[in-house]
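Enquirer: Questions regarding the structure given below will be posed in turn.
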Amino acid sequence: MAAGKTCTRCKWWKPIEMFGLDAKRPDNRNPVCKPCCRSVNALSRARVIPISERSRQIRERIIRESRLPVLRQALANLKSRLEART
Ligand SMILES: [Zn+2]
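Here's what the structure looks like:
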């Protein structure tokens with residue numbers, strides 16, 4: 009049987025060459041296979057910007073939406089005051 013282990017991410021058994029070297033590990037191999045490592049890195053890189061961008065958009069939307077009823081109420085008050093005058 010060839011040397012290998014199960015990737016902790018994709019749960020697939022893979023030959024040991026499919027795991028990157030990691031001196032900190034008892035078997036000197038990364039617990040996550042190379043393809044998974046790449047996809048994790050790519051994913052975290054891809055996510056960094058959109059998350060901050062998204063949270064900014066969400067924050068702005070919350071602010072906008074929380075103001076909306078207040079603005080509507082103010083507009084309604086103004087309208088009723090104008091109507092009462094005529
Ligand atoms: Zn994997």
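Residues in the sequence shown are numbered consecutively from 9, following our numbering.
Glycine is no exception: its CB is placed at the ideal position from the N, C-alpha and C atoms.
(1) Could you pull the start and end residues of the beta strand (DSSP E) that Asn36 belongs to?
(2) According to DSSP, is Lys19 part of a helix, a strand, or is it coil?
(3) Do you know how far the Cα of Leu83 is from the Cα of Glu91?
(4) By alpha-carbon positions, which one of Lys87, Cys15, Ser88 and Leu86 ends up nearest to Val6?
(5) Give the straight-line distance between the Cα atoms of Arg89 and Arg69, rounded to the nearest whole angstrom.
Expert: Checking against the coordinates, here is how it stands:
(1) No beta strand (DSSP E) contains Asn36, which DSSP labels as neither H nor E.
(2) Three-state result, Lys19: coil.
(3) Whole-angstrom Cα-Cα distance: 12 Å.
(4) The structure shown does not extend to residue 6, since the chain is modelled only from 9 through 94, so no value can be given for it.
(5) 30 Å
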